[in-house]
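Numbering (our numbering), first residue to last: 20 to 273.
In this text, a Cβ means the ideal position worked out from N, Cα and C, and glycines have one as well.
Data first, discussion second: the structure below is written as structure tokens.
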Ligand SMILES: O=C(O)CCC(=O)C(=O)O
């Protein structure tokens with residue numbers, strides 16, 4: 020492993036995520052943006068103007084429009100970055116890549132979550148916890164094609180149980196919200212940010228076009244979106260089919 024990846028490896032292991040600047044060259048960025056804009060039109064047609072994603076792109080785009088994504092996954096520096104951080108079992112598969120968009124009408128935020136964890140079902144929760152620290156499972160990446168400040172994380176939450184503050188936030192979600200419902204887009208935007216900032220230790224991740232964010236999706240995280248922040252962020256799970264299946268089986272357990 021090149022010693023230059025050591026800071027990213029330390030960050031991934033201790034904080035649950037790491038950033039690689041400028042993985043995508045400018046010429047490829049242009050081609051990827053063209054494919055992502057085609058995907059945006061399809062997402063809006065299929066899922067409406069506030070569609071969060073289209074995934075997998077391979078189910079929707081013509082082979083010629085998938086070519087830039089194939090070129091992306093062939094980039095030696097992208098492959099080297101993943102090889103430096105992820106276990107040897109990891110795989111890049113262009114068939115599974117998707118793209119995340121901003122809403123074109125209404126601001127909103129996803130809830131804080133650890134991907135696929137079901138806290139209401141003890142058996143499924145135990146199954147998720149049994150894979151939480153399996154390095155083959157739960158690896159995710161974002162590759163923004165425009166500057167992206169939508170993703171927030173709680174650094175270093177990926178490999179531990181909930182802190183008392185996180186547990187209190189979770190419990191608060193079951194209580195009725197005494198605040199009046201927002202009526203304007205600006206009130207909605209502020210309410211989203213209030214909800215984002217209610218999680219102790221939450222931090223915004225700042226990415227520029229062409230950067231790579233690699234993270235454990237066992238990390239507390241969310242996406243906070245507004246129509247005026249243009250977004251087309253490629254999104255995938257660089258894991259082996261076996262690791263994907265293992266995670267899926269843990270989740271399906273009853
Ligand atoms: O938009 C993001 O970066 C995160 C999205 C996310 O966590 C989700 O959709 O579950």
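Whether residue i touches residue j by CB criterion (8 Å)
i	j	result
residue 128	residue 226	no
residue 101	residue 177	no
residue 76	residue 42	no
residue 251	residue 111	no
residue 62	residue 73	yes
residue 159	residue 68	no
residue 54	residue 88	yes
residue 144	residue 137	yes
Any non-hydrogen atom of ligand 1 closer than 7 Å to residue i Cβ
i	result
residue 221	no
residue 132	yes
residue 169	yes
residue 158	no
residue 117	no
residue 192	no
residue 237	no
residue 256	no
residue 162	no
residue 71	yes
residue 128	no
residue 240	yes
Buried versus exposed call for residue i [16 or more other C-beta atoms within 10 Å across all chains shown]
i	result
residue 230	buried
residue 37	buried
residue 170	buried
residue 245	buried
residue 20	Residue placement at residue 20 is poorly supported in this model, since its pLDDT is 47, which falls under 50; the coordinates still yield a value, given next. Under this definition residue 20 is an exposed residue.
residue 273	Residue placement at residue 273 is poorly supported in this model, since its pLDDT is 47, which falls under 50; the coordinates still yield a value, given next. The residue in question, residue 273, is exposed, as its Cβ has fewer than 16 Cβ neighbours within 10 Å.
residue 28	exposed
residue 234	buried
residue 262	buried
residue 255	buried
residue 71	buried
residue 214	buried
Beta-ladder partner(s) of residue i, from DSSP
i	result
residue 39	231
residue 255	160
residue 222	172
residue 244	127
Cβ of residue i within 8 Å of any chain B Cβ
i	result
residue 195	As a matter of chain content, chain B is missing from the structure shown, which is built from one protein chain.
Exercise. Where in the region 154-208 do unbroken runs of the beta strand (DSSP E), each at least 3 residues long, occur, reported from the N-terminal end onward?
Worked result: 158-163, 170-172
Exercise. Taking only runs of the beta strand (DSSP E) that begin and end inside the region 118-155, which ones reach a length of at least 3 residues, in chain order?
Worked result: none
For this session: Note down, one range per segment and in chain order, each alpha helix (DSSP H) of at least 4 residues found wholly within the region 55-107.
Result: 82-92, 95-104
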